[in-house]
Amino acid sequence: MFHRMISRATLSTFTHPSALTATARLAPRSSNFFRPLTCTANRANQNDDPSKDPILSATNKAPSGASGEHEGQFARTDESVQIEYPPDSEMPAQPVVQGRGGMHFKRTLASFSLENRVSMVTGGARGLGLVMAQGLVASGSDLAIVDLNKAEAEEQAQKLIEQFHKENPSLEQLPNVTAHYADVSNPDSVNAALAEVLAKHNQIDNLVTSAGFTENFEAINYPFDRMQKLWGVNVDGTYLFATGVAKHLMERNAPGSIVMIGSMSGSIVNVPQPQAPYNAAKAAVRHLAASLAVEWAGHDIRVNCISPGYMLTALTRKILDENPQLRDKWTSLIPVGKMGTPEDLMGAVTFLLSDASKYITGADLRVDGGYTLT
Ligand SMILES: NC(=O)c1ccc[n+]([C@@H]2O[C@H](COP(=O)([O-])OP(=O)(O)OC[C@H]3O[C@@H](n4cnc5c(N)ncnc54)[C@H](O)[C@@H]3O)[C@@H](O)[C@H]2O)c1
């Protein structure tokens with residue numbers, strides 16, 4: 032879309048009759064050196080009136096057309112855009128992924144395996160967390176799901192084991208998958224969850240922090256308590272679990288790998304929905320990963336960040352089904368032309384937790400279909 036706009040503006044510059052005159056006047060064969068001076072003088076004389084300066088009018092305020100009165104509108108937030116998130120009790124459950132976890136005999140590097148590891152995933156009862164958790168189990172890891180919604184975490188843990196058994200009927204030993212309660216923004220709750228996980232698994236080697244949420248309010252009207260909650264879950268929650276697991280790894284003198292789920296919103300500003308605090312929180316998560324990677328490098332604890340783009344979870348599916356215009360706007364901004372699926376994160380998270388990425392720490396892996404490139 033932006034490319035189309037730019038080329039349209041450029042085209043009108045070079046096809047507008049007065050633009051051609053201006054170009055001809057500015058480029059006499061014998062006086063190339065003075066061109067910029069001539070140009071500056073002309074524009075100053077026109078008092079910055081776009082209608083008198085074809086270049087200014089083409090790049091500053093294009094003629095109204097299909098794209099509306101002002102081209103810049105597509106790159107702005109719009110406070111009238113409101114996304115309604117369902118109450119927690121009506122949040123749709125994420126279906127367990129089918130057909131990705133069976134044994135196979137394709138040659139692949141053994142270093143991608145997570146066998147003999149215990150991985151913990153916060154926010155693992157739903158959405159991206161659940162699907163990444165399933166990817167870790169398929170790659171050989173035991174798993175502790177930690178979530179505010181313990182009932183759903185337990186239900187999904189059960190489904191995950193059933194699916195694994197269906198896809199691996201000859202395996203005698205099933206993975207150990209457990210479910211635990213935590214409010215990631217509360218230090219006491221985090222400590223209690225860590226103790227419970229250690230009681231069940233004896234060790235934690237890997238951590239994925241996926242608990243998080245977004246909300247859309249224009250900044251000047253963002254309710255302060257909601258903003259604190261948002262930062263509490265997205266930033267404090269990530270910090271509390273990362274430090275808790277790092278402390279455990281240091282006590283064990285064991286290596287470990289941590290993946291923080293940030294977002295492309297930590298690097299760009301989404302449009303049209305306004306969400307300044309979420310964007311800032313995800314930028315904090317990305318830099319927290321880099322900072323802790325340096326601090327813990329001497330302990331053999333790696334910390335990386337995954338920044339997903341727009342992903343089709345059960346929740347975003349529901350929201351976009353109800354807002355087809357928003358869906359069209361989002362997909363029009365993604366170079367690959369489609370939203371990602373949670374399954375697109377299975378390989379990325381497995382890679383960063385496994386020995387295949389042993390020399391990678393403090394990195395931000397963008398899984399966004401190229402969104403942040405344009
Ligand atoms: N879905 C996307 O398009 C997308 C894109 C970029 C980044 N992300 C990020 O990915 C992560 C997962 O998002 P999702 O789309 O899967 O969301 P989701 O709502 O589907 O799942 C989030 C899970 O976190 C849990 N949770 C929320 N608050 C919690 C708390 N205080 N303590 C413990 N658990 C809590 C929820 O119960 C839920 O199970 C978030 O950090 C989100 O910001 C999502």
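Per the numbering used here, the sequence shown starts with residue 32, numbered consecutively. Backbone N, C-alpha and C define an ideal beta-carbon position, used for all residues, glycine too. Note that the structure is predicted; figures quoted are calculated from it, not measured.
How about residue i and residue j: are their beta carbons less than 8 Å apart?
i            : j              : result
alanine 320  : valine 334     : yes
leucine 167  : valine 380     : yes
alanine 250  : alanine 307    : yes
valine 316   : methionine 291 : yes
arginine 157 : glutamine 234  : no
alanine 324  : glycine 275    : no
leucine 229  : alanine 273    : no
serine 220   : alanine 213    : yes
alanine 311  : glutamine 125  : no
glycine 155  : glutamate 198  : no
leucine 202  : leucine 376    : no
valine 149   : histidine 232  : yes
alanine 277  : isoleucine 192 : no
Looking only at its own chain, which residues have a Cβ that is under 8 Å from the Cβ of residue i, when we skip the five neighbours before and after it?
i              : result
lysine 369     : Thr362, Gly400
isoleucine 350 : Ile114, Glu115, Tyr116, Leu357
arginine 107   : Val302, Pro303
proline 366    : Gly400, Gly401, Tyr402, Leu404, Thr405
serine 385     : Ser142, Phe143, Ser144, Leu145, Ser170, Ser288
lysine 260     : Ser216
serine 120     : none
methionine 32  : In this prediction, methionine 32 has a pLDDT of 31, which is less than 50 and means its spatial position is unreliable; nothing more can be read from the coordinates.
Under the criterion of a Cβ to heavy atom distance below 7 Å, does residue i qualify as lining ligand 1?
i                 : result
arginine 257      : no
phenylalanine 248 : no
leucine 179       : yes
valine 264        : yes
valine 239        : no
leucine 357       : no
arginine 157      : yes
proline 117       : no
threonine 344     : yes
alanine 213       : yes
threonine 108     : no
tyrosine 341      : yes
glycine 160       : yes
glycine 268       : yes
glycine 154       : yes
serine 216        : yes
alanine 242       : yes
threonine 4       : In the structure as shown, the chain starts at 32 and stops at 405, and residue 4 therefore has no counterpart that could be examined.
isoleucine 114    : no
isoleucine 292    : yes
threonine 372     : no
threonine 245     : yes
Could you pull out every residue in the same chain whose Cβ sits closer than 7 Å to the Cβ of residue i, ignoring the five residues on either side in sequence?
i            : result
valine 128   : Val162, Gln165, Glu374
arginine 397 : Met295, Ser338, Thr403
serine 322   : none
Quick one: is residue i buried, meaning 16 or more other Cβ sit within 10 Å of its Cβ, or exposed?
i                 : result
glutamate 189     : Correcting the residue identity first, residue 189 is glutamine in this sequence and not glutamate. Its Cβ having fewer than 16 others within 10 Å, glutamine 189 is exposed.
alanine 53        : Note that alanine 53 scores 32 on pLDDT, short of 50, meaning its location in the model is unreliable and no value can be drawn from it.
threonine 405     : exposed
aspartate 109     : exposed
glycine 130       : exposed
histidine 279     : buried
aspartate 236     : buried
proline 305       : buried
valine 300        : exposed
asparagine 247    : buried
serine 111        : exposed
phenylalanine 382 : buried
alanine 182       : exposed
leucine 293       : Residue identity differs from the one stated: residue 293 is glycine in this sequence, not leucine. With 16 or more Cβ atoms within 10 Å of its Cβ, glycine 293 is classed as buried.
alanine 328       : exposed
proline 85        : buried
glutamine 194     : buried
histidine 196     : exposed
lysine 313        : buried
Here's a check: name, in chain order, each residue in its chain whose Cβ is nearer than 6 Å to the Cβ of residue i, leaving out the five neighbours to either side.
i              : result
leucine 343    : Met370, Thr372
serine 216     : Gly263, Val264, Asp267, Gly268
aspartate 395  : Arg317, Cys336, Ser338
serine 298     : Thr403
methionine 281 : His330
methionine 134 : Asn199
tyrosine 341   : Trp361, Met370
Point to revise | the segment 192-211 in contact with the segment 161-177 per 3-pair CB rule at 8 Å | key: yes
**Study point:** Touch test, the segment 257-275 against the segment 229-248, Cβ-Cβ under 8 Å, three pairs minimum
**Key:** yes
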